[in-house]
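Enquirer: Residues in the sequence shown are numbered consecutively from 3, following this note's numbering. The C-beta atom is built at its ideal place from N, Cα and C for all residues, glycine as well.
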Amino acid sequence: MIETSQLQTLVAVTRAKSFSKAAEVLGVTQSAISQSIKNLESKLEIKIFKRSGKSVVLTTEGEKLYQLGTQFLANMEETLAELQGDRDEMQGKVRIGTLTGIGKTWLAKEVVWHAKENPELQLSVHMGHQEDLLTDFENNKLDILIMPEDDLPLHGEKEFFLEEKSTLVFPKEMKDLFKKKLTLAMLETIPTILFEQNDILFMKWCRSKFKALPKKLNVRFSVNSHGHMLQAVNEGLGIAVVPNHVLNRSYFKDKILTLGDEFEVPSGKLFIVYHKESENLVRIKNTIDRLLSHRDTFKI
3 MIETSQLQTL VAVTRAKSFS KAAEVLGVTQ SAISQSIKNL ESKLEIKIFK RSGKSVVLTT
63 EGEKLYQLGT QFLANMEETL AELQGDRDEM QGKVRIGTLT GIGKTWLAKE VVWHAKENPE
123 LQLSVHMGHQ EDLLTDFENN KLDILIMPED DLPLHGEKEF FLEEKSTLVF PKEMKDLFKK
183 KLTLAMLETI PTILFEQNDI LFMKWCRSKF KALPKKLNVR FSVNSHGHML QAVNEGLGIA
243 VVPNHVLNRS YFKDKILTLG DEFEVPSGKL FIVYHKESEN LVRIKNTIDR LLSHRDTFKI
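1) Sort S210, A24, K278 by Cα distance to E146 and report the nearest one.
2) Between A110 and the rest of its own chain, which residues show a CB-CB distance below 8 Å, the 5 nearest in sequence each way excluded?
3) Relative to the C-alpha of L70, which candidate in L294, L272, L259, E5 has its C-alpha closest?
4) State the CB to CB distance for the pair V15 and F74, rounded to an integer number of angstroms; the pair is presumed to be in contact (CB under 8 Å).
5) What does DSSP give as the partner residue(s) for M149 in the beta ladder?
6) Taking Cβ positions, are L232 and V244 nearer each other than 8 Å?
7) Would you identify the three-state DSSP class for H116, choosing helix, strand or coil?
8) For the candidate residues E112, E133, H230, whose alpha-carbon lies nearest to that of L239?
9) Around the C-beta of Q124, are 16 or more other C-beta atoms found within 10 angstroms, so that it is buried, or is it exposed?
10) Name the two residues that bound the continuous beta strand (DSSP E) containing V221.
11) Output yes or no for whether 8 Å exceeds the beta carbon distance between T260 and V114.
12) Alpha helix (DSSP H) containing E26: first to last residue?
13) Rounding to the nearest angstrom, what Cα-Cα distance links L179 and D138 in this structure?
14) Between the segment 191-202 and the segment 280-295, do at least 3 Cβ pairs fall closer than 8 Å?
15) Does the structure place the segment 260-272 close enough to the segment 162-176 that three or more beta carbon pairs sit under 8 Å?
16) At a cut-off of 7 Å, is A76 close to the ligand GDP when judged by its beta-carbon and the heavy atoms of the ligand?
17) Secondary structure at F300, three-state DSSP: helix, strand or coil?
18) So what does DSSP say about M129, is it helix, strand or coil?
19) Rounded to a whole number of angstroms, what is the C-alpha to C-alpha distance between G94 and I148?
20) Can you give me the Cβ contacts of S252 inside the same chain, cut-off strictly under 6 Å, excluding the 5 residues immediately before and after it?
21) Where do the N-terminal and C-terminal ends of the alpha helix (DSSP H) with R251 fall, by residue?
22) For a test of the three-state rule: what should DSSP assign to K217, helix, strand or coil?
23) With distances taken from CA atoms, which of P121, D152, E122 is nearest L136?
24) Please go through the same chain and pick out, in chain order, the residues whose beta-carbon is closer than 8 Å to the beta-carbon of E159, but skip the five residues on each side of it.
25) Under a Cβ-count criterion, where at least 16 other Cβ atoms within 10 Å of its own Cβ denotes burial, should R209 be classed as buried or exposed?
26) Rounded to whole angstroms, what's the CA-CA distance from F1 to K218? Just pull it up for me.
27) In angstroms with no decimal places, state the Cα-to-Cα distance between Q8 and E65.
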């Protein structure tokens, strides 16, 4: 295998047309230059240089090797400079992934401003399902994830982002019903819309407000889409518990009612996750710092 140092020696001798002058350029002895070229010729079983008066010139085979060497060394220098720039400067790619609700509500808008402030960055936002995002992160197709605590990947550095909240929503025609103090017994009789039969957010909400779970529910409708749950509430099918960030971006936000801040409950923590090997890259660190410093604008 040809060594990089041998190609550097070959290029230096060719340009200097002298072993002694090449030795001065590279800061080594002339015998080291001679030995390097001799070893390269022996390894490839070709003659690289021939004498021309007081100078040395390339043979036909040497000319081909010189072209290879100059191209390889130029590419290596360019790549090393790019890697150094990637580490120390705000340039290069930053690929961020999150769940669709978080992306549409907050992340995409934040990244737009970040892109405007850092024109050298190539920023992208991927919104999708948990399984796809985790696979892309594990395969290094994503640099940063913003995910709920229960959905975090097994590997990666984690930074607490914020705690989500959820709230109970109901149709305007039920306004008079909720003028009374809500009890667990009342909740068991009111028509209810669930994300699925075992609605985790709904149960967390009940446990937080009543320190107990309902023994039964009057389930009117279930659909695994918070957007369609809000539509069902607007149509008067019943009450539901949804994440605040979904409600805040919903078309139905001003068409349905909530019980106010007092009835908002923590529903889970969100974390920023990134690869350990990326923590010293300026573009990754600054992007994470930006997201953390602007998290108060994420209405949860």
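Expert: Taking the coordinates as given:
1) As a position in the sequence shown, residue 146 is number 144, starting the count at 1. At residue 146 the sequence reads Ile, which differs from the Glu that was named. The shortest Cα separation from I146 among S210, A24, K278 belongs to K278.
2) Translated into positions along the sequence shown, residue 110 becomes position 108. Result list for A110: V127, M129, in chain order.
3) On the sequence shown, position 68 is the one that residue 70 refers to. Comparing Cα-Cα distances from L70 to each of L294, L272, L259, E5, the minimum goes to E5.
4) Position 13 of the sequence shown, counted from the first residue, corresponds to residue 15. Position 72 of the sequence shown, counted from the first residue, corresponds to residue 74. Incorrect: roughly 16 Å between the Cβ atoms, too far for contact.
5) Numbered from 1 along the sequence shown, position 147 holds the residue referred to as residue 149. When DSSP reads this structure, M149 sits in a beta bridge with F273.
6) Here residue 232 refers to the residue found at position 230 of the sequence shown. Here residue 244 refers to the residue found at position 242 of the sequence shown. A contact, by the Cβ cut-off of 8 Å.
7) Numbered from its first residue, the sequence shown carries residue 116 at position 114. Looking at H116 - three-state DSSP - the assignment turns out to be helix.
8) One-based indexing of the sequence shown puts residue 239 at position 237. Among E112, E133, H230, the Cα nearest to that of L239 is on H230.
9) Along the sequence shown, one-based indexing puts residue 124 at 122. Q124 is exposed by the Cβ-count criterion.
10) Against the sequence shown, residue 221 aligns to sequence position 219. Per DSSP, V221 belongs to the beta strand (DSSP E) from 220-224.
11) What you label residue 260 is simply residue 258 of the sequence shown in a count that begins at 1. What you label residue 114 is simply residue 112 of the sequence shown in a count that begins at 1. Not closer than 8 Å, so no.
12) As a position in the sequence shown, residue 26 is number 24, starting the count at 1. For E26, the uninterrupted alpha helix (DSSP H) segment begins and ends at 21-28.
13) Start at 1 with the first residue of the sequence shown, and residue 179 comes out as number 177. Start at 1 with the first residue of the sequence shown, and residue 138 comes out as number 136. If I take the Cα positions, the gap works out to 47 Å.
14) Contact fails between the segment 191-202 and the segment 280-295, because fewer than three Cβ pairs, one in each stretch, are under 8 Å apart.
15) A contact exists between the segment 162-176 and the segment 260-272.
16) You won't find the ligand GDP in this model; it holds no ligand whatsoever.
17) By 1-based counting over the sequence shown, the position of residue 300 is 298. Three-state DSSP puts F300 in coil, outside helix and strand.
18) Along the sequence shown, one-based indexing puts residue 129 at 127. In the displayed model, M129 falls within a strand according to three-state DSSP.
19) In the sequence shown, the residue the question calls residue 94 occupies position 92. In the sequence shown, the residue the question calls residue 148 occupies position 146. Cα to Cα, G94 sits roughly 20 Å from I148.
20) Locating residue 252 in the sequence shown gives position 250, counting from the first residue. Cβ-Cβ distances below 6 Å link S252 to L232 in the same chain, with the five nearest sequence neighbours on each side left out; the list follows chain order.
21) Locating residue 251 in the sequence shown gives position 249, where the first residue counts as 1. First-last for R251: undefined, no H or E at that position.
22) Numbered from 1 along the sequence shown, position 215 holds the residue referred to as residue 217. Looking at K217 - three-state DSSP - the assignment turns out to be coil, as it is neither helix nor strand.
23) Within the sequence shown, residue 136 is the residue found at index 134, counting from 1. It is D152.
24) Here residue 159 corresponds to residue number 157 of the sequence shown, with the count starting at 1. Answer for E159: V275, Y276, H277, K278, E281, listed in chain order.
25) As a working mapping, residue 209 is identified with position 207 in the sequence shown. In the assembly as shown, R209 is an exposed residue. Its beta-carbon has fewer than 16 other beta-carbons within 10 Å.
26) The structure shown does not extend to residue 1, since the chain is modelled only from 3 through 302, so no value can be given for it.
27) Residue mapping note: residue 8 aligns to position 6 of the sequence shown, counting from 1. Residue mapping note: residue 65 aligns to position 63 of the sequence shown, counting from 1. The straight-line gap separating the alpha-carbon atoms of Q8 and E65 is approximately 15 Å.
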